[in-house]
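Numbering (full-length UniProt numbering), first residue to last: 1 to 142. These notes are about the structure you will find just below.
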């Protein structure tokens, strides 16, 4: 029997390349460098099927905030992870495998308390790979 969450030994160079892409998106939005003294933002990217969605937490979003209709705890609802998952949901994308890249580690409500996993279930995903500065985890849903 497999657990619903596994750690993958993802090459550090691959993680760095994925996070660099988020750094470029941050720069485009005029946000501070991730982890810097003035940083209060999280940026995320969801790769699902042949689509990519970029998002940011609602407090840092320069655009009007999209409505999060996914069922998720009130803390995660304002996070970049919810932003990208909602974009995929609104695009009608369901099923398969996806990759979530986040430029900071998942907070307790998104990670340990299951916010990201719950949203992945609503997208009917089989598996979600989560890449963050700490490495790569895989959440198996089916």
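Built from N, CA and C at the ideal position, the CB exists for glycine as well.
Classify residue i: buried if its beta carbon has 16 or more other beta carbons within 10 angstroms, exposed otherwise.
i	result
residue 94	exposed
residue 108	exposed
residue 90	exposed
residue 103	buried
residue 76	buried
residue 51	exposed
residue 137	buried
residue 130	buried
Return the CA-CA distance between residue i and residue j, expressed in angstroms with no decimal places.
i	j	result
residue 203	residue 41	Absent from the structure is residue 203, since the part of the chain shown begins at 1 and ends at 142.
residue 18	residue 35	16 Å
residue 74	residue 114	12 Å
residue 33	residue 24	10 Å
residue 111	residue 117	8 Å
Classify residue i as helix, strand or coil using the three-state DSSP reduction.
i	result
residue 20	helix
Should residue i be counted as a contact of the ligand ADP given a C-beta to heavy atom distance under 6 Å?
i	result
residue 140	The ligand content of the structure shown is nil, which means the ligand ADP is not present either.
| Is it a yes or a no for the stretch 80 to 96 touching the stretch 34 to 50, going by three-plus beta-carbon pairs under 8 Å? | yes
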